[in-house]
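A.B. asks:
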Amino acid sequence: MFARALLLSFALYAVGPAAHAAEVEGVRLDDRIYIAQGVPELVLNGAGVRRKLIVVKVYVAALYLTRKMTASDAVLSDPGAKRIALHILQEEITAEQFISALNDGLAANNQPPELAPLETRIRDLAAMMRQVDHINQGGAVLLDYLPGIGTRVTVNGVTRITIPGADFNRALLRIWLGGTPVDGRLKRALLGNEPDA
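For the sequence shown, the positions run 31 to 227 when the working numbering is used.
#1: Is it buried or exposed, residue 36, if we count other Cβ atoms within 10 angstroms and call 16 or more buried?
#2: Specify the secondary structure class of residue 87 as computed by DSSP and reduced to three states.
#3: What span of residues does the beta strand (DSSP E) with residue 105 cover, start to end?
#4: Along the chain, where does the beta strand (DSSP E) containing residue 82 start, and where does it finish?
#5: Residue 214 by DSSP, collapsed to three states: which one?
#6: Given residue 104, which residues of its chain have a CB within under 6 Å of its CB, disregarding the five upstream and five downstream residues?
#7: Exposed or buried, what is residue 175 when buried is set at 16 or more other beta-carbons lying within 10 Å of its beta-carbon?
#8: Look up residue 162 in the DSSP assignment and say whether it is helix, strand or coil.
#9: Is the segment 186-198 touching the segment 53-65, taking contact as three or more C-beta pairs under 8 Å?
#10: Let me confirm a value: residue 107 is counted as buried when at least 16 other C-beta atoms fall within 10 Å, else exposed. Which label applies?
#11: With a threshold of 16 other CB atoms inside 10 Å of the CB of residue 219, please say whether the residue is buried or exposed.
#12: In angstroms, rounded to a whole number, what distance separates the CA positions of residue 64 and residue 118?
#13: How many Å lie between residue 169 and residue 102 at the Cα?
#14: Give me, in chain order, the residues of the same chain whose beta-carbon lies closer than 7 Å to that of residue 157; leave out the 5 immediate sequence neighbours on both sides.
#15: I'd like the list of long-range same chain contacts for residue 40, defined as Cβ closer than 6 Å, with 5 residues on each side in sequence excluded.
#16: Just to confirm the assignment, what range does the alpha helix (DSSP H) spanning residue 180 have?
#17: Hey, how far is the Cα of residue 69 from the Cα of residue 83?
#18: In the DSSP assignment, find the unbroken beta strand (DSSP E) run with residue 116 in it and report its ends.
#19: How would you call residue 217, buried or exposed, if buried means at least 16 neighbouring beta carbons within 10 angstroms?
#20: Verify whether the separation of the beta carbon atoms of residue 173 and residue 129 is less than 8 Å.
#21: Can you tell me where the alpha helix (DSSP H) holding residue 144 begins and where it ends?
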């Protein structure tokens with residue numbers, strides 16, 4: 031009986047650390063996650079650091095998908111659930127900084143005819159961020175795509191808004207995975223093509 035209990039405790043200990051697949055800049059990232067009831071389990075596809083001016087570390091980004099993918103086109107065309115998680119490393123990100131970066135990233139990676147039907151939804155996201163006002167170091171923004179529902183935005187554990195449309199989610203994802211990504215090294219890391227260091 032004692033031997034069985036001892037073996038069980040060793041087995042549980044062995045499984046425990048495997049729950050976290052990676053640690054980037056002190057942020058522990060789960061290997062597998064559930065984002066909603068009835069939505070398949072998501073796996074960590076890749077993670078890395080968003081850097082500004084090379085040395086400023088803004089946030090750790092992690093991409094979760096229903097299965098591993100190494101090509102941005104495959105991710106963008108996949109109709110399944112997804113998560114982009116942004117874990118803040120800077121002392122603070124203000125709403126205006128977030129909105130400015132969002133607008134720049136969208137404009138750099140989407141054509142005006144693609145953005146035109148999204149204008150109201152982009153404004154809704156910006157208005158929500160202004161209500162939040164700022165996110166401190168250690169905070170997190172989760173962008174969860176739920177098929178048939180839309181992009182659920184959670185800030186520091188509180189669901190703030192759900193924005194409908196697969197088109198909106200694709201436009202958002204292009205900020206990190208598009209032809210002119212916010213950070214090329216981060217794009218490669220999210221796609222599992224290069225470890226971030």
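Don't be surprised by glycine CBs; every beta carbon is placed ideally from N, CA and C.
C.D. replies: The structure says:
#1: Confidence is the limiting factor: at residue 36 the pLDDT is only 37, short of 50, which leaves the residue's position unreliable, though a coordinate-based value still follows. Classification of residue 36: exposed, given that the 10 Å Cβ count is below 16.
#2: Reduced to three states, the DSSP call for residue 87 is strand.
#3: Here residue 105 belongs to no beta strand (DSSP E); instead the alpha helix (DSSP H) covers 102-107.
#4: Under the DSSP assignment, residue 82 falls in the beta strand (DSSP E) whose first and last residues are 72-82.
#5: Correct three-state label for residue 214: helix.
#6: Counting only Cβ-Cβ distances below 6 Å, and skipping sequence neighbours, we find nothing.
#7: Under this definition residue 175 is a buried residue.
#8: Looking at residue 162 - three-state DSSP - the assignment turns out to be helix.
#9: No, the segment 186-198 does not touch the segment 53-65.
#10: By the neighbour-count rule (16 or more Cβ atoms within 10 Å), residue 107 is not buried but exposed.
#11: Burial call: buried.
#12: The alpha-carbon atoms of residue 64 and residue 118 are separated by roughly 21 Å.
#13: Spanning the two alpha carbons is a distance of roughly 27 Å.
#14: Apart from sequence neighbours up to five positions away, no residue of its chain approaches residue 157 with a beta-carbon distance below 7 Å.
#15: Here residue 40 scores only 36 on pLDDT, less than 50, and its place in the model is too uncertain to base an answer on.
#16: Counting along the chain, no alpha helix (DSSP H) covers residue 180; the unbroken beta strand (DSSP E) around it starts and ends at 180-185.
#17: If I take the Cα positions, the gap works out to 38 Å.
#18: From DSSP, the beta strand (DSSP E) with residue 116 extends over 112-118.
#19: Counting Cβ neighbours within 10 Å, residue 217 comes out buried, since at least 16 surround it.
#20: Not a contact, by the Cβ cut-off of 8 Å.
#21: That run of the alpha helix (DSSP H) goes 142-145.
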